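Shown next as structure tokens:
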């Protein structure tokens, strides 16, 4: 019994929060390190090779300042180790004003196994619903079985495939497309 208590006491603190202000230099460095690890681990959300550090820093600084994007970060013992983003619909697109796109969803390989990926999804779903959105769309490579299992376990529904979506190492990889209705009551309105 005491061994179980000691294990729980030593478990790393896992948290998720939305970034609303510029990151400190240390946090930006942690975010870039986590991105490098994710890219190196095969989940580079478009990058096939680790870009120069200044490129990553500019990318993340741009995400934080973009009014059409919300960035969420996962921390393990205070260190940023993962992210996800929600992209808002274009202001002129009234017909799809209820739909957000989730992207750059990853947890660095060294931080996996602590429930952070699920925590990131729960945080973006909660925020999107609170802001009046009803549907989250996402796409994922068919090679990312862990992510697919997580999305499906959390109620995301596959609605399509794109067989020519991704090219990596000379191979074509199919992308799978998912959605989740996070606010069913929205569709009951007339």
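In the working numbering, the protein residues as written are 226 to 415. Glycine included, C-beta positions come from ideal geometry on N, C-alpha and C. All of these numbers come straight from a predicted model, not from anything done at the bench.
Residue burial classification, residue i (beta-carbon count within 10 angstroms, cutoff 16)
| i | result |
| --- | --- |
| residue 310 | buried |
| residue 350 | buried |
| residue 300 | buried |
| residue 318 | exposed |
| residue 355 | exposed |
| residue 366 | buried |
| residue 238 | exposed |
| residue 341 | buried |
| residue 240 | exposed |
| residue 330 | buried |
| residue 297 | buried |
| residue 248 | buried |
DSSP three-state assignment for residue i, whether helix, strand or coil
| i | result |
| --- | --- |
| residue 383 | strand |
| residue 364 | strand |
| residue 304 | strand |
| residue 405 | strand |
| residue 318 | coil |
| residue 291 | coil |
| residue 278 | helix |
| residue 245 | coil |
| residue 311 | strand |
Rounded separation between residue i and residue j - CA only
| i | j | result |
| --- | --- | --- |
| residue 333 | residue 410 | 35 Å |
| residue 250 | residue 308 | 17 Å |
| residue 244 | residue 320 | 28 Å |
| residue 352 | residue 242 | 10 Å |
| residue 259 | residue 268 | 11 Å |
| residue 261 | residue 407 | 31 Å |
| residue 266 | residue 322 | 34 Å |
| residue 368 | residue 394 | 14 Å |
| residue 303 | residue 414 | 42 Å |
| residue 284 | residue 391 | 21 Å |
C-beta atoms of residue i and residue j nearer than 8 Å
| i | j | result |
| --- | --- | --- |
| residue 264 | residue 275 | yes |
| residue 313 | residue 325 | yes |
| residue 306 | residue 336 | yes |
| residue 327 | residue 375 | no |
| residue 381 | residue 405 | yes |
Three or more beta-carbon pairs under 8 Å between the segment 350-367 and the segment 251-259, yes or no? no
Do the segment 371-390 and the segment 398-407 meet, that is, are 3 or more Cβ pairs less than 8 Å apart?
yes
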